[in-house]
Structures are given as C-alpha cells and as structure tokens.
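> Here it is: the structure, laid out below.
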Amino acid sequence: MPTFQAPAPPIPSAFGSHHHRNGGGSISSPVNGSSYSGDGLAGSSQTGSSIHGRRASLSATFEMSESMSVSSDDEDEVEVFVEVRLLPYASVRPELIPTAVRALIESGDNALLLGPLTEWEHISILQRNVEQIIVAEFDPPVPNVLLRNAHVNIHLYRPVNISENLAAELDGDDQESVSAATIIDLPAQSLEGLWENLIYPPPLKSTLLNMVRTSMVLGDLGVNPNIVALNRLVLLHGPPGTGKTSLCRALAQKLSIRLSDTYAHGKLVEINSHSLFSKWFSESGKLVQKLFSSVMEMVEREDCFVVVLIDEVESLTIARDSFSGASEPGDALRVVNALLTQLDKLRSKTNVLVLTTSNLSHTIDKAFIDRADIKEYVPPPIPEAIYWILRTTLIELMSRGLVQQLNLPLWNMIAMSKVRAQKGEAKEGQKAGINLARVAQECHSHGLSGRFLRRIPALALAIHFRGRTRPRSCERWVEAFFKVIENEVSDRRKIAREEVSTIDSKNIPINLSPSIMSSGQP
1 MPTFQAPAPP
11 IPSAFGSHHH
21 RNGGGSISSP
31 VNGSSYSGDG
41 LAGSSQTGSS
51 IHGRRASLSA
61 TFEMSESMSV
71 SSDDEDEVEV
81 FVEVRLLPYA
91 SVRPELIPTA
101 VRALIESGDN
111 ALLLGPLTEW
121 EHISILQRNV
131 EQIIVAEFDP
141 PVPNVLLRNA
151 HVNIHLYRPV
161 NISENLAAEL
171 DGDDQESVSA
181 ATIIDLPAQS
191 LEGLWENLIY
201 PPPLKSTLLN
211 MVRTSMVLGD
221 LGVNPNIVAL
231 NRLVLLHGPP
241 GTGKTSLCRA
251 LAQKLSIRLS
261 DTYAHGKLVE
271 INSHSLFSKW
281 FSESGKLVQK
291 LFSSVMEMVE
301 REDCFVVVLI
311 DEVESLTIAR
321 DSFSGASEPG
331 DALRVVNALL
341 TQLDKLRSKT
351 NVLVLTTSNL
361 SHTIDKAFID
371 RADIKEYVPP
381 PIPEAIYWIL
391 RTTLIELMSR
401 GLVQQLNLPL
411 WNMIAMSKVR
421 AQKGEAKEGQ
431 KAGINLARVA
441 QECHSHGLSG
451 RFLRRIPALA
461 LAIHFRGRTR
471 PRSCERWVEA
481 FFKVIENEVS
491 DRRKIAREEV
501 STIDSKNIPI
511 NLSPSIMSSG
521 QP
C-alpha cells in the first residue's frame, strides 16, 4: 500500500550532453552547452569546461565562453561531482541553479575539498531554492582538486518519501498473497546521507560506482551485449553486520542522483527472499516469476532506473549440486532455476541493476556466482569507521544528557592529538579521542560487526552504570566501552569452545567457519 506523504510536484532537470531517455524537449543552458529537459524529479548539469582558479562575479560566470573548455582526455583532469539538494517548494528554472553553483565555486578558493559548500546563502536564487550543496566525490579519488583541473558535474535532486508493498499472488481458488517486495521511490528522504556515512577500505565504493557508469556508457554507445557482456549484477558478501544491505541502499540512492540526466525516475525494489517460499508444493518458483514480471513492467519504462535488491540471496540460490542425492529436491531447486531465468531476461535491459548480499557465499549456486559482474567482499568495519560509529553514539548521548559535553576530534585529527598529549598540551576532548581510537582498534582486531558496535553504549549503560542516567564523563564511558568489548570477546570464545566440544563429541570432522572464531583464538 502507498505510504507516507505525497511528493512535491516534479521539477525540470538540468542535463548534460548525454543521451536522454526521459522525453521532453531540451534547450540549451546559458553555460557551456549543457542542456535542460522538462521532465523529472532530479537532474544534473555536466559541463565540459575546467573551472579556472580565479575569482569571478556571478554575472561574469553567466557569460563564460566555450573557449575555456579543456579536452576531456587531459590526464590531470579530475571529475568533480557536486550534489545540490533542492527545497521541496523550489520553483526556479533549474538550469539557472547550476550556473549559480558554478559561480559560487569559482569565486572561492583555488582548490576544492570534499564536503558541504558554504557561504551561498547570500545568493538569492540559491537561498530561495536550495537546501544543501555538497562536493560529493572526486574521480580519481584525491584529497583535493585545483579548480583549473576540475571537470565539474552538478546534479540537482529533490528527495521524496514514497513507498509501497508489492504483493505476489498465486493462481487458483485458494489464493495465497505474500508481501514479496517493498518499492521505494528514489531519491528517498530516508536514504539521505547514507552513502557518505558508510566508511569502507578503498576502492570498494568507487568500484561499485564505476561499474554502473561503465554499463551506462556501453549501453548508450549501443555496444552489442552479446559481444561485450555485462550483466549489471553485483554480489556483496561477508560476515553479518558489515553494512552490506546499507551499502546497497546507499548505492541505489547515489545512482538515482548521478543518473538523473538519463532517467527521470528511480525505483528501489527490495525483495523479501524468505516470503517467496510458498506453503503450497511447487509454487515458490511461480512466486519468483510473478515478482519479476512486476519488475519487468517497471523496467519497460525507459525513463525509469530500477535497482533490485535481494538481501541474503543464498535463500534463493542454494547450490543445486547439493540436491544431487535427494529423491525430491522440492521448491528450493525450482526457485534457483526460476531466479536464474529471470535474471537472464533482465540482462538485455540497460536501465536495471541487481544488487545482492550474502552472509554464506559458499552455499550459493555456481551459476549465479558466474553471472555476477562484481563479487566484492565487505569486511568488518575498519578502525576509522568504528571510531566514527562510536563517536556518533557518544555525541548522541551528550545531546541526551548522559555524557558530559566534550569536543571529540575527528579520526584524521587523532595523530595530532597524540602529539599534543606527548607534550602535555592535549585537551580533555583530545585525550578522550585518543582512548576512543584505542577502543576502535580493539574492536577491529576482534572483527566486531557494525551491528554490535551500535549496541555498545546501551550495554555499557545497563551493565556498568546499572541503568542510572546521571551525566558521566566521556572518559568513564570510554572505559565502560572497553569492558563491554572484553565481555563480548570472552562470550564469543566460550561459544566457539562449546561448538568445538559439540563437534568433537559427535566425532564430526572439525571445520570451523572463520566467522565463528572472528573474535580471536581461545
């Protein structure tokens, strides 16, 4: 059923000189030959010019000449992606906003850094229509970009809050209806900021983005998929709690913004894998077929980019050779065959991406793994990510009066904090940051999941502070975090020993999964 609020009225989109699938006429933008199309919730402006490191007034930028353009094969050129989130009631002609943003960039410093742009509130056209401007990505990844080397891509978008459940029904007198999937319109308010707040070792995130860009380029060039194949199928695998599902959702959100010059609409279809197994014999394969028939209807709209997310895909793709000795393989085998067939049908469509996750990749059918273009391992959180998670939990507790107010440093300032501490010049926040970084390193050494990290403050409050909510120093909380981790590691080792003992008592060959012993050897 449809939920939440209705979206704001669609706004036009500012597009680059890209092949468009969203219909409507295009007119030239005043700047650098970028174009604007009259349809869509989001849009982008991709300029072919490098922005030079000199100050310029707004009117001067409006009159920039195409003679400033630089060849796109310049080896020093860096793609800069700027994302502009519009206000719900924005009504200005969208092609004017990229021009104003470009002027803002050019009138600032000679180098760009990742993060929010500031000091734009005094520009009336932006103040009336824009909620946020972020320099989101550099490609290739670099710490900063000189303006003379920047090829700036400006993407406009306005997130919405619309979702609905997709039911699949079986035929017959005694119909069975299951909630097969959730459909979320993109870009979605609920997914705002998720991509930026997921920290993984490079180049995981950039690899995923570049794979999709490659598939789009090949599709737009009309490359024969039977000669140069790309299935647009991604498998993220790894231990539970490493953020695989969140990464898929964040990628869908990011793509809906970046590809808005080509697709006016975006959909995220989250498939409920476990609901596709029917209580009726041999009907589960039919449920899979019906679900993907609905997905195919969405994909048939050439102005719609569809991301299909299958969480815990091993539920639907269990290795078929495991059924070789069974007299009746049942629905599980039929589901695998049905899913592979439906994925093959989607292969010919360039406006669909299938993202899958698995905690048990060794159980997945080889034919499915062979179809995946990218099979990326998602590791437990790295120390930087762990520190960020724990720091945000402490900041939240500070806002609720449980932790005394303190200015905790960012991860990249920890080294400087250590230098100041050695000189006896560190402030209390810097000292707490150093100890919190040690907690992060400890968590990383034991492979603790992001899911558990978020529980540490609640466990610390319940066990070590006995549920008492009076404010305590940040140092006390960090000490409690250490104790929670020690208890968790100890408990996991006990569980691992019990499993070894159980296996040994049954004379079963021992073959422990690395995830069981991820907390360290006993």
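The sequence shown begins at 1 in full-length UniProt numbering and counts up by one. Ideal placement from N, C-alpha and C gives every residue a C-beta, glycine not left out.
For the alpha helix (DSSP H) containing LEU459, list its first residue and its last residue.
Here the alpha helix (DSSP H) through LEU459 covers 456-459.
> May I have a chain-ordered list of the alpha helix (DSSP H) segments no shorter than 4 residues that lie completely inside the stretch 184-228?
DSSP runs (the alpha helix (DSSP H)) wholly in the stretch 184-228: 204-220.
> Within the same chain, show all residues whose beta-carbon is closer than 8 Å to that of PRO471, passing over the 5 residues directly before and after it, in chain order.
So the list reads GLY401, LEU402, VAL403, GLN404, once near-sequence residues are dropped.
> Just to check my reading of the structure: VAL288 and LEU276 have Cβ atoms closer than 8 Å, yes? What is that Cβ distance to the nearest angstrom?
About 6 Å separates the two Cβ atoms, so the contact holds.
> Excluding the 5 residues flanking PRO140 on each side, which residues of the same chain have their C-beta closer than 6 Å to its C-beta?
Within the same chain, PRO140 has no close Cβ partners at all.
> Within the chosen definition, does the stretch 413-428 reach the stretch 478-496 through at least 3 CB pairs nearer than 8 Å?
At 8 Å Cβ cutoff, the stretches do not touch.
> Just how far apart, CA to CA, sit GLY115 and ILE97?
The straight-line gap from Cα to Cα measures roughly 19 Å.
> Following the continuous beta strand (DSSP E) through TYR157, name the residue where it begins and the one where it ends.
Its beta strand (DSSP E) spans residues 150-157.
> Can GLY429 and ASN407 be called in contact, C-beta distance under 7 Å?
Yes; because the gap between Cβ atoms is below 7 Å, this pair is in contact.
> Using alpha carbons as the reference points, say which of ALA252, GLU283, TYR387 lies closest to LEU355.
For LEU355, the nearest C-alpha among the options comes from ALA252.
> At a cut-off of 6 Å, would you count ALA460 as near the ligand SAH, judging by its Cβ distance to the nearest heavy atom?
In the structure shown, the ligand SAH is absent, as is every other ligand, since no ligand is present at all.
> For the stretch 340-357 against the stretch 298-313, are there 3 or more C-beta pairs whose distance is under 8 Å?
The stretch 340-357 is in contact with the stretch 298-313.
> Can you tell me whether THR502 is buried or exposed? The criterion is at least 16 other CB atoms within 10 Å of its CB, across all chains shown.
That one is exposed.
> Going by C-alpha to C-alpha distance, which of SER293, ASP365, THR350 sits closest to ARG334?
Minimum Cα distance to ARG334 is reached at ASP365.
> Would you identify the three-state DSSP class for ILE485, choosing helix, strand or coil?
In this structure, ILE485 counts as helix in the three-state DSSP scheme.
> Quick check: ASN231 and ARG347, are their CB atoms within less than 7 Å of each other?
Going by C-beta atoms, ASN231 is nearer than 7 Å to ARG347.
> Rounded to whole angstroms, how far is the Cβ of ILE133 from the Cβ of VAL84, which I believe are closer than 8 Å?
5 Å between Cβ atoms; contact.
> Give me whichever residues DSSP pairs with GLU270 in a beta bridge.
Note: GLU270 sits in a beta bridge opposite THR182, LEU309.
> Can you list, in chain order, the residues of its chain with a C-beta nearer than 7 Å to that of SER284? Leave out the 5 residues immediately preceding and following it.
Closer than 7 Å at Cβ, skipping near neighbours: LEU276, PHE277, SER278, ASP331, ARG334, VAL335.
> Let me make sure I understand the geometry here. Which of THR469, TRP120, LEU156 has the alpha-carbon closest to that of TYR263?
Taking only the C-alpha atoms, the option nearest TYR263 is LEU156.
> Using alpha carbons as the reference points, say which of ASP303, GLU297, GLU300, LYS286 lies closest to LEU316.
Closest by alpha carbon: LYS286.
> Have a look at the DSSP bridge pairing and note the partners of HIS265.
DSSP output for HIS265 lists CYS304 as bridge partner(s).
> To the nearest angstrom, how far is it from the Cα of ILE257 to the Cα of ASN153?
Cα to Cα, ILE257 sits roughly 11 Å from ASN153.
> For GLU192, which residues in the same chain have their Cβ closer than 8 Å to its Cβ, ignoring the five residues on either side in sequence?
Taken in chain order, the residues that qualify are ARG85, PRO159, GLN253.
> What are the complete alpha helix (DSSP H) segments, minimum 4 residues, inside the stretch 415-470?
Listed in chain order, the complete alpha helix (DSSP H) runs (minimum 4 residues) inside the stretch 415-470 are 428-445, 450-453, 456-459.
> Looking at the structure shown, is GLN132 part of a helix, part of a strand, or coil, going by DSSP?
If DSSP states are grouped into helix, strand and coil, GLN132 belongs with the strands.
> Quick one: complete alpha helix (DSSP H) runs, 4+ long, within the stretch 76-151?
Qualifying alpha helix (DSSP H) stretches, in chain order: 96-106, 124-129.
> Looking only at its own chain, which residues have a Cβ that is under 7 Å from the Cβ of HIS274, when we skip the five neighbours before and after it?
Taken in chain order, the residues that qualify are SER315.
> Can you tell which of PHE482, ASN161, GLN441, ILE105 has its C-alpha closest to the C-alpha of ALA460?
Checked all of PHE482, ASN161, GLN441, ILE105; the closest Cα to ALA460 is PHE482.
> Go to THR356, then tell me how far its beta strand (DSSP E) extends in each direction, as first and last residue.
Counting along the chain, the beta strand (DSSP E) containing THR356 begins and ends at 352-358.
> How far does the alpha helix (DSSP H) with SER163 in it reach, from first residue to last?
Segment 163-169 is the beta strand (DSSP E) holding SER163; no alpha helix (DSSP H) there.
> Would you mind sorting ALA458 into buried or exposed? The rule is 16 or more other CB atoms within 10 Å of its CB.
Burial call: exposed.
> With DSSP as the reference, label ILE369 as helix, strand or coil.
Helix, per DSSP.
> Within its chain, find whatever has a CB closer than 6 Å to the CB of LEU208; leave out the 5 residues flanking it on each side and keep chain order.
Here the set comprises LEU251.
> Mind checking who VAL160 pairs with in its DSSP beta bridge?
Answer is ALA188, bridged to VAL160.
> Pop quiz: ALA440 and LEU390 are said to be a contact at Cβ under 8 Å. What is the actual Cβ separation, rounded to whole angstroms?
The pair is a contact, with the Cβ atoms about 6 Å apart (cut-off 8 Å).
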